[in-house]
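Step one of this worksheet: look at the structure below.
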Amino acid sequence: MKNLSSSGGATDETDIATALRRFANWAERASSYAAKRLDLHVTDLNLVGLLLDRPQGMSPREIIEHLSLTSGAATALIDRLEKAGYVRRVPNPKDRRSVLIQLIPEAAEAPIAFYKARQDYYRNITANFSPEELSVVIRFLSEVIWIEPEGIVSTDEK
Numbered sequence: 001m002k003n004l005s006s007s008g009g010a011t012d013e014t015d016i017a018t019a020l021r022r023f024a025n026w027a028e029r030a031s032s033y034a035a036k037r038l039d040l041h042v043t044d045l046n047l048v049g050l051l052l053d054r055p056q057g058m059s060p061r062e063i064i065e066h067l068s069l070t071s072g073a074a075t076a077l078i079d080r081l082e083k084a085g086y087v088r089r090v091p092n093p094k095d096r097r098s099v100l101i102q103l104i105p106e107a108a109e110a111p112i113a114f115y116k117a118r119q120d121y122y123r124n125i126t127a128n129f130s131p132e133e134l135s136v137v138i139r140f141l142s143e144v145i146w147i148e149p150e151g152i153v154s155t156d157e158k
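Numbering (full-length UniProt numbering), first residue to last: 1 to 158.
Spelled out as structure tokens, the structure:
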């Protein structure tokens with residue numbers, strides 16, 4: 001396993017930022033590769049991943065927010081996946097005026113297999129970590145994902 005630490009010892013914030021950037025690039029490449037192999041758009045695959053974690057479904061508004069889409073792009077995405085048989089629109093039990101988008105796992109086997117393979121890959125790596133180390137990683141990543149992208153991108157710099 002490659003150590004990203006520039007000092008060879010304890011990591012600092014720069015090493016963590018570098019590791020996160022490299023991981024994000026790797027995850028993006030893996031998703032692009034899988035989407036191409038599955039004849040899907042990357043956004044299609046991303047929505048399948050989101051819905052895997054939410055069997056109750058998501059509203060179109062939540063999809064727009066999570067994937068940073070316009071309403072038109074979200075409608076096209078949902079229509080595309082519905083036509084492919086991967087998702088269905090169901091009435092929202094909390095709001096009669098809206099629908100939820102649910103994954104149809106039996107129909108979405110191929111994209112789900114990508115996420116299961118990725119999970120197996122992670123499981124093989126995490127087998128080398130103690131429960132305490134994994135707890136720190138989970139805590140750190142849980143904090144990172146709650147940072148709004150708008151809060152870390154400066155509009156002053158061009």
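Think of the CB as a built atom: it goes at the ideal place given N, C-alpha and C, for glycine as much as any other residue.
- [ ] Count the other CB atoms, across all protein chains shown, that sit within 10 Å of the CB of Ala117; report buried if there are 16 or more and exposed otherwise.
- [x] Start at 1 with the first residue of the sequence shown, and residue 117 comes out as number 117. Classification for Ala117: exposed.
Task: Which listed residue (Arg97, Thr43 and Arg88) has its alpha carbon closest to that of Ser68 - done: If you number the sequence shown from 1, residue 68 lands on position 68. Checked all of Arg97, Thr43 and Arg88; the closest Cα to Ser68 is Thr43.
TODO: Could you spell out the range, first to last residue, of the beta strand (DSSP E) harbouring Asn92?
DONE: The residue labelled residue 92 in the question sits at position 92 within the sequence shown. From DSSP, the beta strand (DSSP E) with Asn92 extends over Val87 to Asn92.
- [ ] Would you give the residue range spanned by the alpha helix (DSSP H) that Leu103 belongs to?
- [x] Translated into the one-based positions of the sequence shown, residue 103 becomes position 103. Not the alpha helix (DSSP H): Leu103 falls in the beta strand (DSSP E), residues Asp95 to Leu103.
TODO: Report the option in Glu82, Val99 and Ala84 whose CA atom is closest to the CA atom of Val90.
DONE: Here residue 90 corresponds to residue number 90 of the sequence shown, with the count starting at 1. Val90 has its Cα closest to that of Val99, out of Glu82, Val99 and Ala84.
TODO: Just confirm the distance between the C-beta atoms of Pro131 and Val48, as a whole number of angstroms; I'd bet it's less than 8 Å.
DONE: To locate residue 131, count along the sequence shown from 1; it is residue 131. To locate residue 48, count along the sequence shown from 1; it is residue 48. Between Val48 and Pro131 the Cβ distance is about 30 Å, and since that is not below 8 Å, they are no contact.
TODO: Within the same chain, show all residues whose beta-carbon is closer than 8 Å to that of Leu134, passing over the 5 residues directly before and after it, in chain order.
DONE: Locating residue 134 in the sequence shown gives position 134, where the first residue counts as 1. Hits under 8 Å: Thr126.
TODO: Please check the pair Ile101 and Gly72, which I expect to be a contact at CB under 8 Å, by giving their CB distance rounded to whole angstroms.
DONE: Walking along the sequence shown from the start, residue 101 turns up at place 101. Walking along the sequence shown from the start, residue 72 turns up at place 72. Not quite, the Cβ-Cβ distance comes to about 16 Å (not below 8 Å), so this is no contact.
Task: Segment limits, alpha helix (DSSP H) that includes Phe114 - done: Taking the first residue of the sequence shown as 1, we reach residue 114 at position 114. From DSSP, the alpha helix (DSSP H) with Phe114 extends over Glu109 to Thr126.
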